[in-house]
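Worksheet for the structure shown next.
Protein chains: 2
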Amino acid sequence: MDTRQLRAFLAVVETGGISAAADQLGYAQSSVSDQLRTLERDLGTPVLNRTSIGTVPTEAGQRLLPYARRMLDLDGELRRTVSGRRPLLRIGALQSLADEWLPEVLTAFDHGAAGPETADVTVTVTSRTRLMEELLEGRLDAVFTLDSGPAYDGPTAVVGTDHVVLVTAPSHPLASVHPLTLDDVRRTEFMVTEIGCIYRQLFDECGRDLGPSLKIAMITGSLNALRRLTVNGRGAALLPRFSVQAELESGDLVMLDLKEGLAPLTIEARWRDEIGPGAAPLRALVELTQKFSPAAWAMA
Amino acid sequence: MDTRQLRAFLAVVETGGISAAADQLGYAQSSVSDQLRTLERDLGTPVLNRTSIGTVPTEAGQRLLPYARRMLDLDGELRRTVSGRRPLLRIGALQSLADEWLPEVLTAFDHGAAGPETADVTVTVTSRTRLMEELLEGRLDAVFTLDSGPAYDGPTAVVGTDHVVLVTAPSHPLASVHPLTLDDVRRTEFMVTEIGCIYRQLFDECGRDLGPSLKIAMITGSLNALRRLTVNGRGAALLPRFSVQAELESGDLVMLDLKEGLAPLTIEARWRDEIGPGAAPLRALVELTQKFSPAAWAMA
DNA sequence: CCGCCCCTATCGGAGAAGCCGATGGCAGGA
DNA sequence: TCCTGCCATCGGCTTCTCCGATAGGGGCGG
Numbered sequence: 001m002d003t004r005q006l007r008a009f010l011a012v013v014e015t016g017g018i019s020a021a022a023d024q025l026g027y028a029q030s031s032v033s034d035q036l037r038t039l040e041r042d043l044g045t046p047v048l049n050r051t052s053i054g055t056v057p058t059e060a061g062q063r064l065l066p067y068a069r070r071m072l073d074l075d076g077e078l079r080r081t082v083s084g085r086r087p088l089l090r091i092g093a094l095q096s097l098a099d100e101w102l103p104e105v106l107t108a109f110d111h112g113a114a115g116p117e118t119a120d121v122t123v124t125v126t127s128r129t130r131l132m133e134e135l136l137e138g139r140l141d142a143v144f145t146l147d148s149g150p151a152y153d154g155p156t157a158v159v160g161t162d163h164v165v166l167v168t169a170p171s172h173p174l175a176s177v178h179p180l181t182l183d184d185v186r187r188t189e190f191m192v193t194e195i196g197c198i199y200r201q202l203f204d205e206c207g208r209d210l211g212p213s214l215k216i217a218m219i220t221g222s223l224n225a226l227r228r229l230t231v232n233g234r235g236a237a238l239l240p241r242f243s244v245q246a247e248l249e250s251g252d253l254v255m256l257d258l259k260e261g262l263a264p265l266t267i268e269a270r271w272r273d274e275i276g277p278g279a280a281p282l283r284a285l286v287e288l289t290q291k292f293s294p295a296a297w298a299m300a
Numbered sequence: 301m302d303t304r305q306l307r308a309f310l311a312v313v314e315t316g317g318i319s320a321a322a323d324q325l326g327y328a329q330s331s332v333s334d335q336l337r338t339l340e341r342d343l344g345t346p347v348l349n350r351t352s353i354g355t356v357p358t359e360a361g362q363r364l365l366p367y368a369r370r371m372l373d374l375d376g377e378l379r380r381t382v383s384g385r386r387p388l389l390r391i392g393a394l395q396s397l398a399d400e401w402l403p404e405v406l407t408a409f410d411h412g413a414a415g416p417e418t419a420d421v422t423v424t425v426t427s428r429t430r431l432m433e434e435l436l437e438g439r440l441d442a443v444f445t446l447d448s449g450p451a452y453d454g455p456t457a458v459v460g461t462d463h464v465v466l467v468t469a470p471s472h473p474l475a476s477v478h479p480l481t482l483d484d485v486r487r488t489e490f491m492v493t494e495i496g497c498i499y500r501q502l503f504d505e506c507g508r509d510l511g512p513s514l515k516i517a518m519i520t521g522s523l524n525a526l527r528r529l530t531v532n533g534r535g536a537a538l539l540p541r542f543s544v545q546a547e548l549e550s551g552d553l554v555m556l557d558l559k560e561g562l563a564p565l566t567i568e569a570r571w572r573d574e575i576g577p578g579a580a581p582l583r584a585l586v587e588l589t590q591k592f593s594p595a596a597w598a599m600a
């Protein structure tokens with residue numbers, strides 16, 4: 001068993017063909033073909049179904065897939081550890097958390113706030129669905145998301161709590177209405193992100209609480225666009241408080257004093273519980289994050 | 301990176317020398333020397349300090365050690381999974397649990413009592429200290445011990461509860477004393493296992509509860525010896541009830557009706573929380589064990 | 001229906017690596 | 001001092017690895 005063979009197998013599965021994999025890896029096509037033959041001889045079973053238009057993993061190949069990834073992961077971690085470098089933590093987070101909350105945590109972590117444990121950290125920003133996938137497949141060590149998503153039967157911790165706020169630019173008509181009623185809100189035009197986005201889900205859930213069918217004026221692609229449009233007075237938005245903390249402090253946005261129940265939020269950490277040199281710093285990081293709960297942070 | 305190299309490295313560390321490792325692996329000494337040179341070239345750093353009387357891992361080698369074991373573990377699990385065999389669960393338990401309790405659980409597990417999840421199971425019997433070591437080093441997937449031992453920050457579940465009982469042969473003088481008082485017990489000569497054994501710890505704890513300094517008449521090497529000696533009327537013993545269940549039922553031993561508090565016991569499961577094909581059957585097995593709590597079992 | 005194209009397997013050869021037995025250096029103990 | 005046990009190195013043989021070239025096979029358009 002050789003990491004080259006596993007790398008070749010992975011490349012073939014990812015590119016969908018032996019020739020493409022050979023290109024990607026810098027081998028001749030025949031070499032990759034040889035490597036796969038060796039691998040299959042070693043395992044005693046074919047792992048790829050070859051066709052004239054490409055290759056598809058067999059059932060055995062699908063079973064091999066996660067192990068191949070794990071082995072290569074382990075190989076990388078091994079080299080890092082043996083050479084004496086700090087362990088690597090692969091963190092994933094939603095855009096908003098990566099923008100507004102993680103930087104402070106990671107800076108503190110880097111300055112030793114989590115104790116003697118240190119690590120190099122990479123941050124991957126993507127959707128919650130993909131975050132969970134990457135965590136399950138072992139390409140991330142920990143992810144930070146909002147609320148509870150689909151089942152994950154690994155370690156989970158609530159990092160902090162926050163809540164949804166209703167914000168507009170100070171110049172927006174709604175900003176000068178006191179006191180604000182639910183009817184005012186229902187007449188307001190909202191801006192939202194696309195369906196599938198976690199912030200859109202938040203909006204929809206709030207909409208159910210605030211009454212039927214809030215008016216949607218505009219659909220934007222990203223949270224950043226949504227925030228900028230709101231600052232420019234183009235409408236109202238329902239967002240997690242921590243994601244507009246900076247704008248609230250600078251006065252670019254105002255928080256409307258709607259007393260009715262706006263959904264509470266939790267920031268959750270999920271991580272792999274693995275034994276290894278990264279385990280201690282990972283736990284230290286998760287514990288540290290809990291000191292950076294947006295609630296605590298907003299008070300400071 | 302090649303599993304042969306890792307195997308060679310492990311063998312060298314375990315045997316303490318390259319020549320011995322070559323013997324063990326069936327290679328020539330020069331071949332193992334070559335393999336290590338290749339490994340060190342690949343890793344970019346020496347992993348062994350060679351001396352004229354043997355070999356000792358360098359600091360880098362010590363860091364490599366757990367990874368080498370993990371990689372080889374993973375290699376084995378990979379082959380098992382790819383070839384479509386059932387996953388392998390490596391269970392560890394104390395002698396008494398392996399004798400009196402695990403067999404029933406594993407038989408039920410094998411008969412599908414834990415649902416559709418099945419697995420091949422190996423059972424390793426050793427001391428609690430070693431069980432915990434092997435669990436931490438990834439050579440066991442789950443261990444069953446009595447009470448809580450040293451810290452283990454992985455998943456833990458209480459599998460069942462039991463209690464310590466005072467037993468003698470029916471012919472023993474104490475068996476005919478009714479009612480039994482603490483003074484009677486303190487005058488009795490006990491048989492115990494060696495210091496360090498979990499059953500000796502139980503005895504010592506009970507001794508603290510029952511009063512100062514119970515009389516120790518004989519120290520035996522194993523739980524089985526202790527039990528046989530007790531059956532033969534050589535003295536009294538304090539033991540977990542489940543470990544003498546069979547003798548109590550057959551009448552070879554009698555349980556003395558001491559009303560005072562004899563320490564309650566818990567059987568605990570600790571396991572590795574890893575993602576993989578063995579995870580589901582492992583959880584199923586742990587859940588199944590909880591249905592085989594000795595308390596429930598004794599009632600049946 | 002035929003040729004074309006893209007895919008993969010196979011072949012032969014050159015180079016590298018693996019393995020072995022033999023040899024030599026080194027250190028500790030009799 | 002010699003002897004013994006350890007490891008590294010060397011030369012050889014074998015095996016593996018990789019490559020370029022070639023061959024086979026199935027879709028697809030003409």
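Residue numbers (our numbering), protein chains in the order written: chain C, 1 to 300; chain D, 301 to 600. For every residue, glycine included, the Cβ atom is placed at its ideal position computed from N, Cα and C.
Taking 8 angstroms as the threshold, the shortest C-beta distance from L131(C) to chain D does not fall below it.
Per DSSP, reduced to three states, the secondary structure at N349(D) is strand. At least one CB atom of chain C sits nearer than 8 angstroms to the CB of E574(D). Non-local beta-carbon contacts of G533(D) in its own chain, meaning distances under 6 angstroms to residues more than five positions away in sequence, involve A469, S471, H472 in chain order. Scanning chain C for C-beta atoms nearer than 8 angstroms to the C-beta of A360(D) yields V82, S83, G84, reported in chain order.
With a cutoff of 8 angstroms on beta-carbon distance, L539(D) and V467(D) are scored as near each other.
Interface flag for M301(D) against chain C is set, since a Cβ pair is found closer than 8 angstroms.
One finds nothing in chain C with a Cβ atom closer than 7 angstroms to the Cβ of T520(D); even the nearest lies about 36 angstroms away.
For I216(C), the enclosing beta strand (DSSP E) covers residues 215 to 220. Beta-bridge pairing by DSSP links A580(D) to no other residue.
A distance below 7 angstroms between beta-carbons, with the five flanking residues on each side excluded, links P581(D) to the following residues of its chain, in chain order: P387, L389, E417, T418, A419. For I318(D), there is no enclosing beta strand (DSSP E); the enclosing alpha helix (DSSP H) covers residues 318 to 325.
D302(D) sits in a strand when the DSSP states are folded into three classes. Our two residues, T422(D) and T55(C), have alpha carbons roughly 38 angstroms apart in a direct line.
Closer than 9 angstroms at the C-beta level to chain C, one finds these residues of the region 361 to 378 of chain D: G361, R363, L364, P366, Y367, A368, R370, M371, L374, D375, E377, L378.
By the 16-neighbour rule on beta-carbons within 10 angstroms, S352(D) is exposed. The beta carbon of G26(C) does not come within 8 angstroms of any beta carbon belonging to chain D, so the residue lies off that interface. Per the DSSP secondary-structure output, A536(D) pairs in a beta bridge with F490(D). For E287(C), the CB contacts under 8 angstroms within the same chain, skipping 5 residues up- and downstream, are A114 in chain order. Here D162(C) carries a strand assignment [DSSP, helix/strand/coil]. Using a Cβ-Cβ distance cut-off of 8 angstroms, the region 361 to 369 of chain D and the region 548 to 558 of chain D are not in contact, since fewer than three pairs of beta carbons, one from each stretch, lie closer than that value.
Boundaries of the alpha helix (DSSP H) harbouring V105(C): 102 to 110, taken from the DSSP string. In the three-state reduction of the DSSP assignment, A169(C) falls in the coil class. Sequence-distant partners of F109(C) (beyond 5 residues in either direction) whose C-beta falls short of 6 angstroms from its own C-beta, in its chain, are L285, L288. Taking the Cα positions, V312(D) is about 57 angstroms away from A475(D). Remark: fewer than three beta-carbon pairs, one from each stretch, lie closer than 8 angstroms, so the region 234 to 253 of chain C and the region 73 to 80 of chain C are not flagged as touching. Put simply, the CB of T461(D) is far from chain C, with every gap to its CB atoms at 8 angstroms or more. By the neighbour-count criterion, in which 16 or more other beta carbons inside 10 Å mark a residue as buried, L482(D) falls on the exposed side. For P264(C), the enclosing beta strand (DSSP E) begins and ends at 264 to 271. When the beta-carbon positions are compared, V185(C) and I219(C) stay at least 8 angstroms from each other.
In chain order, V82, S83 make up the part of chain C whose C-beta sits under 7 angstroms from the C-beta of T345(D).
Contact with chain D is absent for G115(C), since none of that chain's Cβ atoms lies less than 8 angstroms from the residue's Cβ. A residue is called buried when at least 16 other Cβ atoms come within 10 angstroms of its Cβ; I195(C) does not meet this threshold and is exposed. In terms of Cβ geometry, F490(D) and A525(D) do not form a close pair [threshold 8 angstroms]. Beta-bridge analysis with DSSP links D420(D) to L388(D). Each residue's CA atom was taken as its position, placing D147(C) and R341(D) some 48 angstroms apart.
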